[in-house]
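Comments concern the structure below.
Residue numbers (the numbering used here): 3 to 69.
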């Protein structure tokens, strides 16, 4: 099982929870995540390919009445 997160160049990426049979399938997932605004790292460990993602929060929306 891949690690729940990896750190690359000081940035923390979270595992998407899937293991992919090969680089091709992981590449397809990577394209989808990038289209949704995520930064993506593909890691091949012990014969398993995992995709790790991160996205910087640009807006915070609060719901409900203030306390």
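By construction, the Cβ of each residue, glycine as well, lies at the ideal position given by its N, Cα and C atoms.
Which whole-angstrom value is the C-beta distance of residue 56 and residue 26, which I expect to be below 8 angstroms? Within the chain shown, residue 56 is the residue found at index 54, counting from 1. Within the chain shown, residue 26 is the residue found at index 24, counting from 1. Actually they are not in contact, since the Cβ atoms of residue 56 and residue 26 sit about 23 angstroms apart, beyond 8 angstroms.
From residue 29 to residue 43, what distance separates their C-alpha atoms? Sequence index remark: in the chain shown, residue 29 carries index 27 (1-based). Sequence index remark: in the chain shown, residue 43 carries index 41 (1-based). A straight line joining the alpha-carbon of residue 29 with that of residue 43 spans about 10 angstroms.
Determine whether the beta carbon atoms of residue 18 and residue 53 lie at a separation below 7 angstroms. Taking the first residue of the chain shown as 1, we reach residue 18 at position 16. Taking the first residue of the chain shown as 1, we reach residue 53 at position 51. In contact: residue 18 and residue 53 (Cβ atoms closer than 7 angstroms).
Measuring only the C-alpha atoms, how far is residue 66 from residue 48? The count along the chain shown starts at 1 and reaches residue 66 at position 64. The count along the chain shown starts at 1 and reaches residue 48 at position 46. The alpha-carbon of residue 66 is positioned some 47 angstroms away from that of residue 48.
So, using beta-carbon positions, are residue 22 and residue 51 closer together than 7 angstroms? Residue 22 sits at position 20 when you count from the first residue of the chain shown. Residue 51 sits at position 49 when you count from the first residue of the chain shown. Their beta carbons are under 7 angstroms apart, which means residue 22 touches residue 51 by this criterion.
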